[in-house]
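Chains as they are written, first to last, in my numbering: chain Z, 1 to 276; chain A, 1001 to 1295; chain X, 2001 to 2434. The structure under discussion appears below in the form of structure tokens.
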Amino acid sequence: MTKRTTRRRWWITAALAGLAVLMIFPLYWMAVSAFTPGGQAQSRDLRLWPTDPTMENFREVFTSQPVWSWLGNSLFISTVGTAISVMVSLGAGYALAKFQFRGRGLIYAAFLVTIMMPIQVTLVPSFLIVARIGLVDTPWAVILPTLFDVVGIFIARQFMLGVPDPLLEAARLDGASERQTFTKVVLPTCGPLIGVLVILGFMTRWNDFLWPLVVLQGNENLTVPVGLSTLTNNPAFTSPWGAVMAVACVAVLPLLAVFLVFQRQFVQGIANTGIK
Amino acid sequence: MSRPSDGRRRAALAPWLFVSPAVLLFLGFSLIPIIIAVTLSFQDTAAVGDGDWVGLENFTTMADDGLLHTALRNTLVFTVGTVPTAMIAGLGLAVALNRPLPGRPVLRAAFFVPMVAAGVVVGVVMAWIFHGDYGVANNLLEALGLGRAPWLTSPTLSMLTLIAVVVWTRIGFCMIIYLGALQSIPQDLHEAATVDGASAWRRFRSITWPLLGPTTSILVILNVVFSLQAFDIIYVMTGGGPGFSTTVLIQYIFRSAFADARMGYAAALGLLLVALLLVFTLLRQRASRRAEELT
Amino acid sequence: MNAPHPTHAPHDLRRRGFLALAGISLAGALGACSGAATATTHLRLSSWNIPTDLDTYQQIADEFVADHPGTSVSVEVTSGSFHQWFITRLAAGLAPDIIRITPQQIGRYAANGSLVDLGGSSATNYRDDYSDAFWAIGAREDGLYGVFQHTDNFITYYRHDVMNEIGVRPPTRLDEAWTWDEFLAISAEAKKVTGQYGFGYGWSGAQTAYRWMPLIYQNGGSFLGDDGETPSMDSDAAVETLTFGRRWYSEGLVSPGNMAKSGGGDVSRTLFLTGQIGLMLNNPEPIPQLDEDLPDGWGTAPMIRNEHEASDLGGNALAVTRSSEHPELAADLVARLTSREKMIQFCHEGNWLPARSSITAEDIDYSEHTETMQRFIDQGTTIPLEMVRAQTSRYFSSLNTVFGDYLDLCFLGELSPQEASDEMMGAMRDVTSQ
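Here is the structure:
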């Protein structure tokens, strides 16, 4: 019995490992291209690793483009945006889950509808508002409009629904103010929720493209995906492929590192947030 | 202790304090742009502020717009192709990786990895991999003696290739959400069923799957939203081609708004997209309610 | 890392958010209010992200600033999602003062008041040093909306090894250029040598579909009529051209992965470098990479021709946007950048072709390939004025999309050339009758 189970376990593992290779391959291939001279010394022959690995593409793109600035901007925008946004989502999720008040259903429904509107259509109106406030070309133009994060609020609400009411009642009876109830009683139970919100929020912001594209200007001020887009798909010229792949690697690797380090907490967090 | 009326007033105010930042941000950066977009949908305009009011013309035009109909059909194929596939694959992996296996952390990580790549990056890399003449996918097939496939150059295969690529980016997300849900299912339920002699499939059908119901509902809606708004990957990989074979609604909205500078029509198409999503969400809700009544 | 703006504390922002809400109804008329008062007059110039060019622009701009005390100029970058970025920025009056823009993009913005008439600036004096075709890129009946700065076009590249094996000597002079039939015959031979395909065409993504348009003009057809508005893809000449294009693919001379809308950058370049094709019709962009990966293994010949000569309209114009608060100063900078001396400098540094007629490859003193660069310059004279008018017309951005769509369908064999012509005409009329 146990022997059979063990064998089956190994079969499953082998099958999953095969699939895993398939899953990782595209990103591996991106790295191979970035380390291949010129990025495209490709032909019809099958080569699975760079024949002449080189750092040349990276060296070139780091000297000719402000890649460090792009990384810094992405980091700043993602960190600050995520931090504030998580606070906003926690508050909103708490109110929507734990209070009865007029307009609650309406607010929640209105929030949910907004994720359905494609950004292509709201791009110009949103930009006019940000321009009106005078934020264009500052990192805040990216951060502020994306602080309202429906998915985050949704997840926070789901989690808060699971916080037992007697806990809150007890705190209030003890004379705690509403703020104290929230910060001293509710928040301490929110560890896993905050972890999930932080990772999802950070990832969304790091990869965001269209909005930063229109609100940021000046090569030094761009984020990594926008910087990458100035190198690809232009009607006026074709960038060296090696440079494109090198920047693509730079765009993916930091996030990958963060994700791999925190993946266990992330799964644990999802398990505890009650998206179920 | 404070007087009851005081407490009641305080309780009435409290939720508003907690929700107000979100509401204000929602009003300023979501609702107002949407309202402006809605007004645009009744105008013939290239931007905000210079349009002529044309009533329902943008909506009536839709009826005769052949390209829109093609785009809607493609959108349906794309959505039906991506959503269930990504979810089933994600669920399968979650179930498989929810048990102790050798190398489990590494395997889990491998399936998450595609999640972290931005759409632009995925598009560029995949166009490269699936190129018919020098892409590594075909080089590999040929080395195995299987010949070369027109991944992105055949009108039928290109849609399948795009679906596969989008599923690839989405599996990790579905898996992680399912994995979380699975871990919150009490272990003793399974153990009891095992003792009763239920097979693994039976245990899955009668315990796991029903308990995953709410997760599945959420994932369906999120995945449909993602699929309907999938833009970057298609734009970079096929530009909607060959021909119109991969032109989907969001692509057509982009084209109307910016390539054609018909912002009014694009806004009307955006409302059509929202309407489709709302109808879908309501149908889903009704279906799951009926399922609850039946059980 | 960029420091956050010290004055914008979150608290402060929320208050300003309220102010914004108060101004909702004004959203349409937002353009007027930007521009904080600054001591110096600042200009912004936006260019495609090509490092050498950014440097050259900045260098020329710095000299300009030295001559104009109290001014400053910054050079910024434009991305591939051009229309999204530009339309959005224009709507709020926040577009850069000067924009580097392709001829195929300029039409809409010149026609709808997004660009400023440069008629009053010294750039008008440059007319005599421009061909009619190149001047027409910025010039319309009601004003001058841009000055063409540099150009490029398509010529024929060939691999020496393939040509030697076939035993042909490619032409060197414009009047000896291969005709369509000659070219297809040689391509068929080249296909035998490579074992894959004969030649490639230098598209690089859906927005570059127009690069195939010169073939229509080579055959005596046209994309739009003389008025620059009426679709004219229904002529026999146009249908014949589509038939010619269909043959590229039906006879297996061109890879189906090398079409207008295929992703992955310049596909023909990769096929050429890896010996899967023996010839390609392309612009000067592949040259640095050919030098690196295929040194001395390639040569160039004039663009193919049929009844007429024609080549692709590549390059960029400089234009002043309506967002500019100092349009006259911006126009002066445009005039400076397109002056003969600065154009030579710009083309020398960036390996571009000059837009002015009087500049030769020798003047520019290219570091390499003087002969090939002169070939491009000569080929530039074959770009037809009618095609320039069509491609810089008000609806061209939409028409280009339509063109790419139906080229795809025709080349794939989904539609016969006649059907492609009919349906393209229908779609074009839908656009122009809007």
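Glycine is no exception: its CB is placed at the ideal position from the N, C-alpha and C atoms.
- Here Z/Thr189 has Val163 as same chain residues with Cβ atoms under 7 Å from its own Cβ, once five neighbours each way along the sequence are excluded.
- Cβ contact annotation for Z/Val130 (same chain, cutoff 8 Å, sequence separation greater than five): Val136, Ala141, Leu144, Pro145 and Val215, in chain order.
- Counting along the chain, no beta strand (DSSP E) covers X/Val2388; the unbroken alpha helix (DSSP H) around it starts and ends at Leu2385 to Gln2391.
- Ranked by Cα distance from X/Ser2187, the options X/Ile2277, X/Gln2084, X/Gly2202 and X/Ile2377 are led by X/Ile2277.
- In the displayed model, X/Ile2099 falls within a strand according to three-state DSSP.
- If you draw a straight line from the Cα of A/Leu1097 to the Cα of X/Phe2223, it is about 59 Å long.
- Under the three-state reduction of DSSP, X/Gln2276 is assigned to coil, being neither helix nor strand.
- Chain Z has a Cβ within less than 8 Å of the Cβ of A/Trp1168.
- Secondary structure note for A/Phe1078: its alpha helix (DSSP H) is the uninterrupted segment Gly1066 to Ala1096.
- Secondary structure of X/Trp2085 (DSSP, three-state): helix.
- Residues of the same chain with a CB within less than 8 Å of the CB of A/Leu1182, apart from the 5 flanking positions on each side, are Ala1094, Val1095, Asn1098, Thr1208 and Leu1212 in chain order.
- CA-to-CA, the gap between X/Leu2407 and X/Asn2400 works out to about 10 Å.
- When the beta-carbon positions are compared, A/Asp1133 and Z/Arg47 stay at least 8 Å from each other.
- At the C-beta level, Z/Met87 and A/Val1116 stay beyond 8 Å of one another.
- Looking at the backbone, the Cα of X/Gly2119 and that of A/Ala1118 are separated by about 45 Å.
- Counting the other Cβ atoms within 10 Å of the Cβ of X/Gly2265 gives 16 or more, which makes it buried.
- Using a 10 angstroms sphere on the CB of X/Gly2195, the tally of other CB atoms stays under 16, which defines it as exposed.
- Identification of chain X residues near Z/Ala271 by a Cβ-Cβ cut-off of 8 Å yields none; the smallest Cβ-Cβ distance measures about 32 Å.
- In this structure, DSSP gives X/Asn2282 an extended state, which the three-state scheme calls strand.
- Counting only Cβ-Cβ distances below 7 Å, A/Met1126 has contacts in chain Z at Pro26, in chain order.
- The beta-bridge partner set that DSSP reports for X/Leu2144 consists of X/Ala2139.
- Taking C-beta atoms as the reference points, X/Arg2340 and X/Asp2129 count as a pair closer than 8 Å.
- In summary, A/Asn1138 is buried, with 16 or more beta-carbon neighbours lying within 10 Å of its beta-carbon over all protein chains present.
- Between A/Pro1242 and A/Thr1161, the gap from beta carbon to beta carbon reaches 8 Å or more.
- DSSP, read as helix, strand or coil, puts X/Arg2044 in strand.
- The Cβ neighbour count for A/Ser1256, taken over all protein chains shown within 10 Å, is at least 16; the residue is labelled buried.
- Taking a C-beta distance under 8 Å as the contact criterion, A/Leu1269 and A/Tyr1252 qualify as a contact pair.
- Minimum Cα-Cα distance from X/Tyr2109 among the listed residues X/Glu2419, X/Ser2397 and X/Ile2166 corresponds to X/Ser2397.
- With a 10 Å radius around the Cβ and a threshold of 16 neighbouring Cβ atoms, X/Gly2198 comes out buried.
- Around X/Val2267, no beta-carbon contact reaches into chain Z at under 7 Å, the shortest distance being about 10 Å.
- The distance from the Cβ of X/Gly2245 to that of X/Phe2411 is about 6 Å, consistent with a contact at the 8 Å cut-off.
- DSSP places A/Leu1152 in the coil class of the three-state scheme, outside both helix and strand.
- Under the Cβ criterion (8 Å, minimum of three pairs), the region 1073–1090 of chain A counts as touching the region 1166–1179 of chain A.
- By the Cβ neighbour-count rule, Z/Asp52 is exposed, with fewer than 16 other Cβ atoms within 10 Å of its own.
- Among the CB atoms of chain A, one or more fall inside 8 Å of the CB of X/Ser2398.
- Residue pairing of X/Ser2072 in beta bridges, as defined by DSSP: X/His2042.
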